[in-house]
Ligand code: NDP
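Below is the structure:
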């Protein structure tokens, strides 16, 4: 049977664009539909604008620290609208690059919503017509979970709106304590907004190493971010003048200019027509895929956040490249989700590779744990009270480095580089044999010769158990 396209991609974000470009470059006929802007969450309302705002929010601290180095910094002011419009110009530039790249590879672009109508059929909304393709790739990503069960949830913003607020609020309450909540708390606090975090559990950043979580918590409190734990919304109301009143389950009432929900993201699978192709989803709506990203329909694949595997841009890109390699280069390749470096762009930054101490002690009988907690040299003259953490977790039996956790300036950059030897299976002996680069903060990583403690069968050498931080069951606001 002749199809209109060899490949049709639904979604012009990181995953979809990469697959379309690579496949078209192999001489295949490729179509791609995007209903919003090219570049997807990462470029338009995620990683890229976030990092720009993180840079902006660090300047306040740089101006303060400059005095420690002899500078007299005069009056400093910040203009939110300048940041928003400069960000917008950069996003528009990047979007243009994406579009030009696709057109240059002769990918046929459709600026419209697309939905499945069968195993080989896609409906294009703007033209109200169906096109056919031998293979279809779904790369539609996700969207912030708006927690509609919370009374007054429509009065809250999400990360989608946070970048383009008409004015910088004076006060904000951010619900959630994952990547997005913690990063935005750092951004707003750094830009001078009175910032609070509202979290249902005991400690922010569940899933991260407990030492990292505790250090960031204390650093955030030092910066004036109030962290309310074990609490959730009862309801949100609008006050006269537009402020928001948050009634919490604890009985506390918090009035703020802005409420932001950062309570996870949901896949954009609603009304995508998955039923026309018999594509299975899990209980949360994520598309189920096999090891090669193939859905339960044999002519349809899915990559990126819509599959709910690891919700990170480079992972979506990698999954797409594996798809192209398997389907169009005759070289089957499964996405490898092991030992992924990740960063939280908080102030201070977090960089992490591999297992937390808790995960490692569940996977290995004996661990050697190396830790350094110190003040980075750059903060000595400004006398800034901020700590840096380096933590290495080693499987005692093989001497392999199984986890690395860093909190402090440039932690993300360090984690990216550490991921290379760790992916190669480096040992602590390799780390010890590496000459220090002096003076640097990173040299601490290669100069921690003696373990701070060992862990055997889940018990540390000082007798304390490596236990999960108690997460109180939420009172159920969602
Ligand atoms: P996360 O999963 O990181 O965090 C969600 C937060 O919401 C958690 O604190 C979670 O609590 C809380 N939560 C979830 N459900 C409820 C509920 N019903 N009631 C109260 N609290 C709830 O999601 P994010 O939205 O922050 O980020 C989405 C994904 O985007 C991340 O997983 C990450 O992969 C990616 N991302 C990556 C970034 C980076 O690489 N720097 C930056 C931003 C996003 P609990 O922990 O107790 O479950």
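Numbering (my numbering), first residue to last: 7 to 484. Where a beta carbon is used, it is the ideal one built from N, C-alpha and C, also for glycine. Given the structure is predicted, the values throughout are model-derived calculations rather than measurements.
Put simply, the backbone Cα of residue 144 is about 23 Å away from that of residue 344. In this structure, residue 171 lies away from residue 265, with their beta-carbon atoms at least 8 Å apart.
Set against 7 Å, the gap from the CB of residue 366 to the closest heavy atom of the ligand NDP is not smaller. Take residue 408, set aside five residues on each side of it, and the residues of its chain with a beta-carbon closer than 6 Å to its own are 360, 361, 366, 399 and 401, in chain order. Between the ligand NDP and residue 58, a heavy atom-to-CB distance of less than 7 Å is absent. Boundaries for residue 399: no alpha helix (DSSP H) harbours it, while the beta strand (DSSP E) harbouring it runs 394-401, taken from the DSSP string.
Assigned with DSSP and collapsed to three states, residue 124 falls in strand.
The beta carbon of residue 415 lies closer than 8 Å to those of 354, 355, 382, 384, 394 and 447 in the same chain, with the five residues before and after it left out. Within the region 188-267, the runs of alpha helix (DSSP H) at least 4 residues long that lie entirely inside it are, in chain order, 216-228. Proximity of the beta carbon of residue 182 to the ligand NDP is indicated: a heavy atom of the ligand is located closer than 7 Å.
In the three-state scheme derived from DSSP, where H, G and I count as helix and E and B as strand, residue 111 is classed as coil. Judged by pairs of C-beta atoms under 8 Å, the region 200-209 does not touch the region 110-119, as fewer than three such pairs exist. Distance between residue 196 and residue 222, taken at the CA atoms: about 15 Å. Selection 263, 225, 299 and 240 evaluated against residue 254 yields 240 as nearest (Cα-Cα). For residue 56, the enclosing alpha helix (DSSP H) has its first and last residue at 53-72.
The beta carbon of residue 152 sits closer than 7 Å to those of 159, 164 and 267, all from its chain and outside the five residues before and after it, given in chain order. Just so you know, the alpha carbons of residue 49 and residue 308 end up roughly 20 Å apart. CA-CA distance, residue 32 to residue 296, rounds to 24 Å. Each of 53, 61, 60 and 426 was checked against the Cα of residue 100, and the nearest Cα belongs to 53. A Cβ-Cβ distance of about 5 Å is found for the pair residue 147 and residue 311, placing them in contact under the 8 Å criterion. Of all alpha-carbon atoms in 59, 81 and 389, the one lying nearest the alpha-carbon of residue 92 is that of 59. In the DSSP assignment, residue 423 falls within the alpha helix (DSSP H) that extends over 417-429. In the three-state reduction of the DSSP assignment, residue 271 falls in the strand class. Residue 456 counts as exposed, since fewer than 16 other C-beta atoms from the protein chains shown sit within 10 angstroms of its C-beta. When rounded, the separation of the alpha-carbon atoms in residue 30 and residue 17 is 16 Å.
Following the DSSP letters along the chain, one finds residue 329 inside the alpha helix (DSSP H) bounded by residues 319-334. Secondary structure at residue 385: helix, using DSSP grouped into helix, strand and coil. Judged by DSSP secondary structure, residue 286 falls outside any beta strand (DSSP E); it is assigned neither H nor E.
For residue 289, the Cβ stays outside the 7 Å cut-off from all heavy atoms of the ligand NDP.
In terms of side-chain proximity, the C-beta atom of residue 322 is found no nearer than 7 Å to any non-hydrogen atom of the ligand NDP. If you draw a straight line from the Cα of residue 388 to the Cα of residue 77, it comes to about 11 Å. The beta carbon of residue 27 lies closer than 8 Å to those of 107, 108, 111 and 113 in the same chain, with the five residues before and after it left out. Checking the 7 Å criterion, the Cβ of residue 205 is within range of a heavy atom belonging to the ligand NDP. Three or more Cβ pairs closer than 8 Å define a contact, and the region 40-49 falls short of that threshold against the region 57-76. Beta-bridge partners of residue 183 (DSSP): none assigned.
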